[in-house]
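What follows is a short report on a single structure.
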Amino acid sequence: MTPELAQVWLERWDSQQERYVADREARFAAIGEVVAQAVPDSPLVLDLGCGPGSLSVRLARRLPSAEVVGVDVDPLLLALCRAGYPEISRLVDADLRAPGWTAALGLDRKVDAVVSTTALHYLPKEQLGALYAELGGLLRPGGVLVNADNVLEEQPAVATLATALRRTMTAGGEDWSAWWRAVEAEPALADLVAERGRRLGAHGGDHHLPLRTHRELLREAGFSEAGPVWQMGDDVILVAVR
Numbered sequence: 001m002t003p004e005l006a007q008v009w010l011e012r013w014d015s016q017q018e019r020y021v022a023d024r025e026a027r028f029a030a031i032g033e034v035v036a037q038a039v040p041d042s043p044l045v046l047d048l049g050c051g052p053g054s055l056s057v058r059l060a061r062r063l064p065s066a067e068v069v070g071v072d073v074d075p076l077l078l079a080l081c082r083a084g085y086p087e088i089s090r091l092v093d094a095d096l097r098a099p100g101w102t103a104a105l106g107l108d109r110k111v112d113a114v115v116s117t118t119a120l121h122y123l124p125k126e127q128l129g130a131l132y133a134e135l136g137g138l139l140r141p142g143g144v145l146v147n148a149d150n151v152l153e154e155q156p157a158v159a160t161l162a163t164a165l166r167r168t169m170t171a172g173g174e175d176w177s178a179w180w181r182a183v184e185a186e187p188a189l190a191d192l193v194a195e196r197g198r199r200l201g202a203h204g205g206d207h208h209l210p211l212r213t214h215r216e217l218l219r220e221a222g223f224s225e226a227g228p229v230w231q232m233g234d235d236v237i238l239v240a241v242r
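Its first residue numbered 1, the sequence shown is counted upward by one per residue in the UniProt record's numbering.
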C-alpha cells in the first residue's frame, strides 16, 4: 500500500469518526496531556486496539522521545497505519482476547503508559477484567492506564440526556458503515479486506460497562487509583494508576 492511498483512507476515517466522538481532537489532546504529565523522558507507551493509529500518531507527535507501540488484530487498519504514519515506533498484530497475547509485544522493560480509545468496549466484563490484570503486570509502579470510551450510565433519564448531548455535538457526513462499504469496494485493498473477513468474521457487539465496574475490575487487577479526568456526555477518559 502506498502512503498516498493510506492517507486518503485515513482522512476519511478521521472524518467519519467525528460522527461518534464529540470534541474528538480535544479528547486526543487530553489523553496526550495526561500521558505527558505521568511518564518520564523517553517513555514506552502501548496503544491497545490502535486501529489505523489515530491516537498513536498524535501521541508520537506530542511525545517525540516516546516509543509508541500500537496493538491491534485488524490487518487492514494496521496496514493503513503502517503506510500512513511512519512516526509510530512499532505495530504489533495481536488479539487482546487471546491468552498470552502480551508475548507478541517483545518487550524488554516495563511499560510507562497504556492508552486506548473507543476500543475496549468490545470486550465483555470477564475479558476486560483479564486484560486489566495483564496490564497490571506490564506497567511499572506508578504507570498509568488511560482509557477513553463510552461508559454505561445506570440512571436511565441521565443516560438518555448524556447520549442525546453527545449526538447533538458530533458531525454529520460519512458514517462507520459507509466507510467500510467504500473500503470493501476499493480494488487496491481487496486482499486486506479478504484477510480481515477470514480473521475477524462478524462484529462481536458492544459491552459498555458502568464506571463503578471499571473501578472494581481495576482494583482487583492491582491498580491503586482509578477515576475519570475528562467527560463529554457518556464519553469518559478513565485514568488508573498502577
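Quick reminder that beta carbons are idealized off the backbone N, C-alpha and C, glycines included. Source: prediction; values computed, not measured.
Member of the options whose CA lies at the smallest distance from the CA of residue i
i, options, result
"GLY205", "VAL45, HIS121, GLU87 and ASP175", "HIS121"
"THR170", "ASP14, THR2 and TRP9", "ASP14"
"LEU138", "ARG181, GLU195 and LEU46", "LEU46"
"residue 247", "GLY233, GLN7 and GLN17", "Beyond the ends of the chain as shown, which are 1 and 242, falls residue 247; an answer cannot be given."
"TYR132", "LYS110, ARG215 and GLY227", "ARG215"
"HIS207", "LEU128, GLY143 and ILE237", "LEU128"
"PRO228", "LEU217, ALA240 and GLU220", "ALA240"
"ARG62", "LEU145, ALA29 and GLY49", "ALA29"
"residue 248", "ARG199, THR117 and ARG19", "Nothing about residue 248 can be read from this structure; the chain reaches only from 1 to 242."
"ARG109", "GLY143, THR2, ALA185 and THR117", "GLY143"
"ALA22", "PRO86, ALA148 and ALA178", "ALA148"
"ALA159", "GLU186, ALA194 and LEU211", "LEU211"
Three-way DSSP call (helix, strand, coil) for residue i in this model
i, result
"GLY142", "strand"
"ASP235", "strand"
"ALA178", "helix"
"PRO228", "strand"
"VAL21", "coil"
"VAL39", "coil"
"ASP191", "helix"
"PRO156", "helix"
Identified DSSP bridge partners for residue i
i, result
"ILE31", "Paired residues: none, contrary to the question."
"VAL241", "VAL144 and GLU225"
"ASP149", "VAL236"
Beta-carbon proximity check, residue i vs residue j, cutoff 9 Å
i, j, result
"LEU123", "ARG97", "yes"
"GLY173", "ARG19", "yes"
"LEU80", "ALA188", "no"
"ARG90", "MET1", "no"
"ASP112", "PRO64", "no"
Next item on the list: Enumerate, from N- to C-terminal direction, the unbroken alpha helix (DSSP H) stretches of 4 or more residues contained entirely within the UniProt domain "Methyltransferase" (45-143).
Entry: 54-62, 75-84 and 125-138
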